[in-house]
Every structure is written in structure tokens, then in C-alpha cells.
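> By the count of this note's numbering, the sequence shown reaches residue 961 at its end, each step adding exactly one. Backbone N, C-alpha and C define an ideal beta-carbon position, used for all residues, glycine too.
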Amino acid sequence: MPTKPARTIATRTKRTKEAKEPDAPRVLKEPRAPKQSRPVKRTSRPDGAATRQHLLDTAGQVFAARGFADATSKEICERAGTPMASVNYHFGSREALYEAALVEAHRQVVSLDELTALTEGPGEPREKLRAVISRFVGLSTSTGAPWGFMLMLREVLSPSPAIPALIEKAVRPKAAVLLGLIGEVLQLNPQEPLVQRALMFTVLPCIALMIAPKQMQAALLPAVAKDRTALAEDFIRFMMAGLDAIAAAHRVRK
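1. Below 6 angstroms CB to CB, which residues in the same chain sit around A877 once its five sequence neighbours on both sides are set aside?
2. Of the residues R960, M791, L860, which one's Cα is nearest the Cα of L916?
3. For S841, which residues from the same chain have a beta carbon less than 8 angstroms from its beta carbon, with the 5 sequence-adjacent residues on both sides left out?
4. Taking the alpha carbon of R837 as the reference point, which residue from L885, A926, R958 has its own alpha carbon closest?
5. Ignore the nearest five residues each way along the sequence and tell me which others in G904's own chain have a CB closer than 6 angstroms to its CB.
6. What would DSSP say about F775, mapped onto helix, strand or coil?
7. Answer with buried or exposed for V863, where buried requires no fewer than 16 other C-beta atoms within 10 angstroms of its C-beta.
8. Considering only their Cβ atoms, is the gap separating F798 from S867 smaller than 8 angstroms?
9. Can you tell me where the alpha helix (DSSP H) with L901 in it begins and where it stops?
10. For L893, count neighbouring Cβ atoms within 10 angstroms of its own Cβ and tell me buried if that reaches 16, exposed if not.
11. Compare the beta carbon distance of W854 and G767 with 8 angstroms and say whether it is the shorter of the two.
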């Protein structure tokens with residue numbers, strides 16, 4: 708019987724051995740973590756309150772320069788750098804924006820918080836009134852007056868339909884504080900007609916000084932603004948003497 712070649716036997720033996728041996732375990736590669744992209748920096752949207760205030764300040768300047776009739780929402784938004792819909796979005800209408808500008812203008816003249824702080828602090832009523840009037844007179848000689856002063860002047864000379872809202876939102880609360888203070892000075896009920904007249908005599912001249920154009924003051928009364936301290940002191944003397952005369956006349960009538 709012929710023998711098989713040694714090469715063939717060896718080859719079969721090798722194949723049989725390989726078939727019997729288990730396959731080597733496969734090494735599984737861990738999946739690569741996805742590359743994290745760098746966060747894209749996005750420009751944050753401006754805060755709503757800040758945008759509203761910026762629009763209000765811009766509108767106040769435009770209204771002060773042009774008046775309510777000639778100031779347009781388009782010009783206000785262009786100067787503020789805001790979309791055309793900003794006026795309606797934040798205020799509802801151009802009329803409501805003008806109303807808000809008037810209230811802000813009155814706050815620039817003197818805020819309710821400042822007025823309350825001056826009148827509710829320690830001290831005698833007459834000294835508190837002196838502090839209030841000194842503040843008013845000091846504002847009248849200030850060279851860096853904000854746009855609110857010019858806007859109030861325009862409104863006084865040419866009242867708009869926003870006057871009722873201005874009275875309720877800005878003027879009446881401050882008038883109540885001042886009526887209470889003058890009532891204390893005169894030792895009368897703040898609702899007395901005499902106290903109301905005294906408030907008018909006391910505050911209206913200050914308001915006229917504050918909103919009057921500085922060019923007019925400089926041209927007609929150049930010495931007034933040169934000594935602010937003397938102006939305030941003389942005005943207070945004049946005012947206090949008037950209040951004393953009114954109180955004395957009231958006592959005589961009683």
C-alpha cells in the first residue's frame with residue numbers, strides 16, 4: 708500500500724490542530740468620544756428693562772427738542788437703535804411713551820423719594836422746608852440740567868392731553884408731601900385753603916426758576932447765577948417772611 712507523502716500528513720495535522728484550538732478572543736476597541744465643539748458665543752439679548760429705559764431717555768430728548776407734535780416714533784427708534792415696533796412693545800403707543808417721558812421729567816426735577824427723605828428726616832419743620840427750597844433753588848442754577856427740564860417747560864407752555872396722567876402719577880404725591888410740611892410750619896391742617904395757597908406761593912417760583920431757559924436768566928439777570936448760595940438764602944428769607952405774614956394774618960382773623 709503506498710504511503711502518503713510526509714508533507715501532506717503534516718499539513719493535515721496542522722489544519723486539524725488549528726481547527727481544534729479556540730479562536731483568540733477579539734479585543735474590542737473602546738469607541739472614541741465624540742469631539743466636543745467649542746461653545747459658540749452668542750450675543751445676549753438686551754435686558755427688557757434696560758431697553759425700555761434707553762428708549763425712554765431717547766424719547767425724552769427728542770420730545771424736549773421737538774415737542775410732542777413733531778416727534779415721531781421712527782426718529783425715536785432710529786436714535787435709540789431699536790426696531791420700529793419697540794415703542795408699541797414697551798409702551799403701547801407714542802402717546803403712552805410721551806406720558807412716561809413726562810413722569811420721568813418730573814422725577815428729574817425732584818423725585819418723590821428725595822422729597823420724602825428731605826421732609827421726614829430729623830429736625831424742625833422750618834429747617835426741613837429750608838432744605839427743600841435750597842434743593843429747588845440749587846437745581847434752578849445748575850448748568851447740567853437734564854432733558855426733563857426742557858420737556859417740562861414745553862409742557863407748561865403748551866399743555867398736552869397727558870396733563871391729567873402727569874398730575875395723578877407725579878405731581879399729586881409730591882404735593883401731598885409738601886402740603887404736610889407747610890401745614891406743620893404753619894401749624895394748620897394741610898387741607899386748609901391757606902396751606903394750599905402757601906404751597907403755591909412757595910413752590911411755583913422755584914419751578915419757574917428751574918425750568919426757565921438758562922440763556923434767558925444769563926441775559927436778563929446775570930448776577931443771579933453767579934452766587935448760588937446768596938440766591939438760595941435770599942429766596943428762603945423772602946419765602947419764610949411771607950409764610951410768617953400769612954400765618955399772622957390767619958391768627959388775627961380767627
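This is what the structure holds:
1. In the sequence shown, counting from the first residue as 1, residue 877 sits at position 170. Excluding residues within five positions, the ones whose Cβ falls inside 6 angstroms are V810, H813.
2. Indexing the sequence shown from 1 puts residue 916 at position 209. The candidate whose alpha carbon is nearest that of L916 is L860.
3. Residue 841 sits at position 134 when you count from the first residue of the sequence shown. Contacts found: A939, I943.
4. Counting from one through the sequence shown, the residue named residue 837 turns up at place 130. Considering only alpha carbons, the answer is L885.
5. Residue mapping note: residue 904 aligns to position 197 of the sequence shown, counting from 1. First, the amino acid is wrong: residue 904 is Arg here, not Gly. Contacts found: none.
6. Here residue 775 corresponds to residue number 68 of the sequence shown, with the count starting at 1. Of the three classes helix, strand and coil, the one that applies to F775 here is coil, per DSSP.
7. In the sequence shown, the residue the question calls residue 863 occupies position 156. Exposed, because fewer than 16 other Cβ atoms sit within 10 Å of the Cβ of V863.
8. Against the sequence shown, residue 867 aligns to sequence position 160. Against the sequence shown, residue 798 aligns to sequence position 91. Going by C-beta atoms, S867 is not nearer than 8 angstroms to F798.
9. On the sequence shown, residue 901 is found 194 positions in, with the first residue counted as 1. Looking at the DSSP string, the run of the alpha helix (DSSP H) that includes L901 is 900-918.
10. Numbered from its first residue, the sequence shown carries residue 893 at position 186. By the 10 Å Cβ count, L893 comes out buried.
11. Within the sequence shown, the letter at position 147 stands for residue 854. Within the sequence shown, the letter at position 60 stands for residue 767. Cβ atoms of W854 and G767: closer than 8 angstroms.
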